[in-house]
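Protein chains in written order, with my numbering: chain A, 1 to 116; chain B, 1001 to 1320.
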């Protein structure tokens, strides 16, 4: 899945009503992992994945950067602090937020073809 | 200044680093690193005269007015001048202070603090922590001092690097060793990941295989968060050699009662706050072991715990 350079979101992210919080230019997302436990993400998420979580503190960025996660989708309308967004921009990690619950978002992402 | 020093005995001061150092600093440093603390405060019942003397004594231009732990307002040097001008310098702070105080949070980055100064045009901000307690006062001067101090530190590191680079040119392979050593404080969730971030950067510059880079970064990150969550504080030392990364995490206690149990996935002693933040999955130590080529852990109850990990490095395979 490649995002357009004009930041127009692809169908999968439109399906979850995702709103970008950072620049989304040039990101590829191949697959998705869902967890709110940081060490679990370090253990099981793969590089280049979209990570779906309700956690919004700055350690999310550290974990995503450590494991080369491409993008993070916050559910239930959650939005991190501006300093967290700035850190994600520095690390080159795309952040998005959706009003949907994690379960709803998961269903729609799968339906839109985000899986192996 | 209360920055956790991230010292490097031999930083890799490449060209890219020199260009972005000032930019990196304003993002890296937090308000709490630059602010003056503890704050000089006055009571609402104090007279402006008393506050004026306080300003003179401490060479400051603003005094937060506080009752108990609650921030009520602020008296600035401008208020004092107006009071002198209009003859009510003996009035109390309560009568003269601005009641709506714009504050700033201690975890904000300095780049955000600069933006707040530009937005409001104030000379100073009272600084609150996440529990709304007044923990300091930040002025533009504090930011400048903090940046200068950090630049000086980095400059010293660069000089050390130059000296070591000269030695390296004499044909000494050991000079390629980079050591990152930093104290890790208990409960300091905001600083987690600083050491692994620097490690990732060095490994990336050295074109290390991304899979190996991730494994080393995971070990360093888990080691950092373990100390923050479970111990009274400690230190991490990361030595990056051409052929391996050696990570040593030591803490001052309380020690692990049953190491076999701690190594089981899903078993955790983390408290409520870290669990709410998504720590305490009971996977930290198993993750470290899985990502390491050599892994040892030694602990005694009441004593310190030492975790030793080695990750063997290989470069990205060049496709011809």
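Just so you know, even glycine gets a beta-carbon here, dropped at the ideal spot from N, CA and C.
Once the 5 residues before and after residue i are set aside, which same chain residues still bring their CB inside 7 Å of it?
{"i": "residue 1046 (chain B)", "result": "1092 and 1093"}
{"i": "residue 1265 (chain B)", "result": "1282, 1283 and 1286"}
{"i": "residue 42 (chain A)", "result": "63, 66 and 67"}
{"i": "residue 1060 (chain B)", "result": "1040"}
{"i": "residue 1044 (chain B)", "result": "1065, 1067, 1072, 1092, 1093 and 1094"}
{"i": "residue 1037 (chain B)", "result": "1135 and 1136"}
{"i": "residue 17 (chain A)", "result": "98, 99 and 100"}
{"i": "residue 1171 (chain B)", "result": "Its pLDDT being 48, under 50, residue 1171 (chain B) is placed unreliably in this model, and the coordinates cannot settle the point."}
{"i": "residue 13 (chain A)", "result": "96"}
{"i": "residue 1366 (chain B)", "result": "Any question about residue 1366 (chain B) goes unanswered here, given that chain B covers just 1001 to 1320."}
Rounded to the nearest angstrom, how far is the Cβ of residue i from that of residue j, given a contact under 8 Å?
{"i": "residue 37 (chain A)", "j": "residue 1278 (chain B)", "result": "5 Å"}
{"i": "residue 1212 (chain B)", "j": "residue 1311 (chain B)", "result": "6 Å"}
{"i": "residue 109 (chain A)", "j": "residue 19 (chain A)", "result": "Contact doesn't hold; Cβ gap of about 15 Å is too wide."}
{"i": "residue 86 (chain A)", "j": "residue 1063 (chain B)", "result": "Residue 86 (chain A) to residue 1063 (chain B), Cβ: 31 Å. No contact."}
In angstroms with no decimal places, state the Cα-to-Cα distance between residue i and residue j.
{"i": "residue 1307 (chain B)", "j": "residue 1179 (chain B)", "result": "17 Å"}
{"i": "residue 67 (chain A)", "j": "residue 1127 (chain B)", "result": "34 Å"}
{"i": "residue 1080 (chain B)", "j": "residue 1086 (chain B)", "result": "10 Å"}
{"i": "residue 1154 (chain B)", "j": "residue 1199 (chain B)", "result": "17 Å"}
{"i": "residue 1102 (chain B)", "j": "residue 11 (chain A)", "result": "42 Å"}
{"i": "residue 21 (chain A)", "j": "residue 1257 (chain B)", "result": "44 Å"}
{"i": "residue 1271 (chain B)", "j": "residue 1280 (chain B)", "result": "8 Å"}
{"i": "residue 1140 (chain B)", "j": "residue 1231 (chain B)", "result": "36 Å"}
{"i": "residue 1275 (chain B)", "j": "residue 1096 (chain B)", "result": "45 Å"}
{"i": "residue 1123 (chain B)", "j": "residue 31 (chain A)", "result": "49 Å"}
{"i": "residue 1138 (chain B)", "j": "residue 1144 (chain B)", "result": "11 Å"}
{"i": "residue 39 (chain A)", "j": "residue 1166 (chain B)", "result": "41 Å"}
{"i": "residue 1273 (chain B)", "j": "residue 1221 (chain B)", "result": "18 Å"}
{"i": "residue 1248 (chain B)", "j": "residue 1158 (chain B)", "result": "24 Å"}
{"i": "residue 1186 (chain B)", "j": "residue 1160 (chain B)", "result": "30 Å"}
What does a CB cutoff of less than 8 Å around residue i pick up in its chain, not counting 5 residues either side in sequence?
{"i": "residue 1304 (chain B)", "result": "1234, 1250, 1251, 1252, 1253 and 1255"}
{"i": "residue 1050 (chain B)", "result": "1042"}
{"i": "residue 45 (chain A)", "result": "33, 35, 51, 67 and 69"}
{"i": "residue 1053 (chain B)", "result": "none"}
{"i": "residue 54 (chain A)", "result": "36, 74, 75, 76, 78 and 102"}
{"i": "residue 1314 (chain B)", "result": "1208, 1209 and 1212"}
{"i": "residue 116 (chain A)", "result": "31"}
Are the Cβ atoms of residue i and residue j separated by less than 7 Å?
{"i": "residue 1074 (chain B)", "j": "residue 1042 (chain B)", "result": "no"}
{"i": "residue 1136 (chain B)", "j": "residue 1035 (chain B)", "result": "yes"}
{"i": "residue 1227 (chain B)", "j": "residue 1182 (chain B)", "result": "no"}
{"i": "residue 1191 (chain B)", "j": "residue 1217 (chain B)", "result": "no"}
{"i": "residue 1104 (chain B)", "j": "residue 1116 (chain B)", "result": "yes"}
{"i": "residue 88 (chain A)", "j": "residue 98 (chain A)", "result": "no"}
{"i": "residue 114 (chain A)", "j": "residue 80 (chain A)", "result": "no"}
{"i": "residue 1031 (chain B)", "j": "residue 1113 (chain B)", "result": "yes"}
{"i": "residue 1109 (chain B)", "j": "residue 1189 (chain B)", "result": "no"}
{"i": "residue 1025 (chain B)", "j": "residue 1201 (chain B)", "result": "no"}
{"i": "residue 1146 (chain B)", "j": "residue 1215 (chain B)", "result": "no"}
{"i": "residue 1089 (chain B)", "j": "residue 1083 (chain B)", "result": "yes"}
{"i": "residue 1309 (chain B)", "j": "residue 1219 (chain B)", "result": "yes"}
{"i": "residue 1152 (chain B)", "j": "residue 1184 (chain B)", "result": "no"}
Does the Cβ of residue i have 16 or more other Cβ atoms within 10 Å, making it buried, or fewer, making it exposed?
{"i": "residue 59 (chain A)", "result": "buried"}
{"i": "residue 990 (chain B)", "result": "This structure leaves residue 990 (chain B) out entirely; chain B is present only between 1001 and 1320."}
{"i": "residue 1174 (chain B)", "result": "Reliability fails at residue 1174 (chain B), whose pLDDT of 47 lies under 50, so the model's placement of it is uncertain and no value is given."}
{"i": "residue 76 (chain A)", "result": "exposed"}
{"i": "residue 103 (chain A)", "result": "exposed"}
{"i": "residue 1011 (chain B)", "result": "Note that residue 1011 (chain B) scores a pLDDT of 44, beneath 50, so its modelled location is shaky; the value from the coordinates is reported in the next line. Residue 1011 (chain B) should be labelled buried."}
{"i": "residue 1142 (chain B)", "result": "buried"}
{"i": "residue 1294 (chain B)", "result": "exposed"}
{"i": "residue 1163 (chain B)", "result": "exposed"}
{"i": "residue 1023 (chain B)", "result": "exposed"}
{"i": "residue 1204 (chain B)", "result": "exposed"}
{"i": "residue 1296 (chain B)", "result": "exposed"}
{"i": "residue 1148 (chain B)", "result": "exposed"}
{"i": "residue 1048 (chain B)", "result": "buried"}
{"i": "residue 1130 (chain B)", "result": "exposed"}
{"i": "residue 1229 (chain B)", "result": "buried"}
{"i": "residue 1058 (chain B)", "result": "exposed"}
Apart from the five residues just before and just after residue i, which ones in its own chain have a Cβ nearer than 6 Å to its Cβ?
{"i": "residue 29 (chain A)", "result": "1, 50, 70 and 71"}
{"i": "residue 1069 (chain B)", "result": "1133"}
{"i": "residue 1077 (chain B)", "result": "1061"}
{"i": "residue 15 (chain A)", "result": "108 and 112"}
{"i": "residue 1267 (chain B)", "result": "1261 and 1282"}
{"i": "residue 1289 (chain B)", "result": "1295"}
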